[in-house]
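Report on the following structure.
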Amino acid sequence: DTGVSQNPRHKITKRGQNVTFRCDPISEHNRLYWYRQTLGQGPEFLTYFQNEAQLEKSRLLSDRFSAERPKGSFSTLEIQRTEQGDSAMYLCASSLAGRRSTDTQYFGPGTRLTVL
Amino acid sequence: AQTVTQSQPEMSVQEAETVTLSCTYDTSESDYYLFWYKQPPSRQMILVIRQEAYKQQNATENRFSVNFQKAAKSFSLKISDSQLGDAAMYFCAYRSHLFYNTDKLIFGTGTRLQVFP
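Top to bottom, those sequences are chains A and B.
The first sequence begins at 5 in the numbering used here and counts up by one.
The second sequence begins at 740 in the numbering used here and counts up by one.
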């Protein structure tokens, strides 16, 4: 069990550029989540997948944001035409969804995005 | 919509002492789950303890215990015998039961805990 990994750990970009982040969940986990955390705040839910199906999207996820999980394993989060307000820590989590609703979400270290 | 409120932005405790972090939430749902997560500086978030709302017994995990008051919608975390390694941001989180067809965590704004030797 190597845990949830995210790449890159840090990304600095200029306003208007596109960025893509990757998340590799714990290998047997079928659910994968994306959250955004700004300074001084708790994480806010963006979206989640079960296998390759995107089951829920937050209203926070504007048209400039797109997430995929093409083979039900790793996931990518792309932000197009970045804005300064997109600067945040992007957290990925995974879980093994089963009959028990209390399946724990395990978090990765996050990708810190700075938009100049 | 559900909300989670942590009214203590910062708390401090002496090593070996006990500290309690507060959390209140608002929901109209009948069944749900509550969590405390710890986020050390520059490190990833880890689960500290969880509580299932239908269970009246308060959850405990070693030095960590909760005081769950369902009617008051209160979910506080007690850390006993505090250690230097307990210093971190602590987030309270809410999760609906899956029959509401959602699986997201709703977090509070966090409490920064400092532990002094």
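Beta carbons are placed, not taken as given, at the ideal position from N, Cα and C, and that holds for glycine.
Where isoleucine 30 of chain A is concerned, there is no enclosing beta strand (DSSP E), because DSSP gives it neither an H nor an E.
One finds nothing in chain A with a Cβ atom closer than 7 angstroms to the Cβ of phenylalanine 807 of chain B; even the nearest lies about 14 angstroms away. At the C-beta level, threonine 42 of chain A and leucine 65 of chain A stay beyond 8 angstroms of one another. Taking a beta-carbon distance threshold of 8 angstroms, glycine 824 of chain B does not count as an interface residue toward chain A.
Residue state for glutamine 778 of chain B is assigned as strand, using DSSP reduced to three classes.
Straight across, the Cα-Cα distance linking phenylalanine 49 of chain A with cysteine 27 of chain A is about 15 angstroms. With contacts defined by Cβ atoms closer than 8 angstroms, threonine 850 of chain B and tyrosine 829 of chain B form a contacting pair.
Where asparagine 806 of chain B is concerned, the enclosing beta strand (DSSP E) starts and stops at 803-808. In summary, the residues of the region 51-84 of chain A whose CB is separated from some CB of chain B by less than 7 angstroms are Tyr52, Glu60, in the order they occur in the chain. Annotation: alanine 811 of chain B to tyrosine 764 of chain B spans about 9 angstroms, alpha carbon to alpha carbon. When secondary structure is reduced to three states using DSSP, glutamine 795 of chain B falls in the coil class, being assigned neither helix nor strand. With a 10 Å radius around the Cβ and a threshold of 16 neighbouring Cβ atoms, phenylalanine 855 of chain B comes out exposed. Going by beta carbons, tryptophan 38 of chain A and tyrosine 94 of chain A fall inside the 8 angstroms limit. Glutamine 790 of chain B is classed as buried because its beta carbon has at least 16 other beta carbons within 10 Å across all chains shown. Straight through space, the alpha carbons of tyrosine 771 of chain B and leucine 760 of chain B are spaced by roughly 20 angstroms. Chain-order list of chain B residues neighbouring threonine 108 of chain A: Leu786, Arg789, by C-beta distance under 8 angstroms.
Contact annotation for threonine 841 of chain B against chain A: Glu60 [CB-CB distance below 8 angstroms, chain order].
Closer than 8 angstroms to the CB of arginine 35 of chain A there is at least one CB belonging to chain B. Per DSSP, the unbroken beta strand (DSSP E) holding histidine 14 of chain A starts and ends at 14-17. Judged by DSSP secondary structure, threonine 763 of chain B falls within the beta strand (DSSP E) whose first and last residues are 763-765. Taking a 10 Å sphere around the C-beta of glycine 46 of chain A, we find 16 or more other C-beta atoms and assign the residue as buried.
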